[in-house]
Amino acid sequence: MLLAKNIFNVSDLHQEVFHLNRNLTKEMLKVTALEEKIQTPLNIHRWRKLEVSLFFKKKV
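This is the structure:
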């Protein structure tokens, strides 16, 4: 009886390790995506930079 319980527990632990590993992989992919997004941000408001650069541009 004790051996059967241990086998059942090993099976449960194996499934839990599998699911935790899958969740960890998902989170690592999210972190990688966020790091890439930070390194190359999308500039949604380009006109603001242009407006500021045109406003402070010296007249020749």
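Numbering (the numbering used here), first residue to last: -15 to 44.
Idealized CB from N, CA, C, for every residue including glycine.
Assignment of Thr24 by DSSP, reduced to helix, strand and coil, places it in the coil class. The C-alpha of Lys14 lies about 11 Å from the C-alpha of Asn7. Rounded to whole angstroms, the gap between the alpha carbons of Lys10 and Thr16 is 10 Å.
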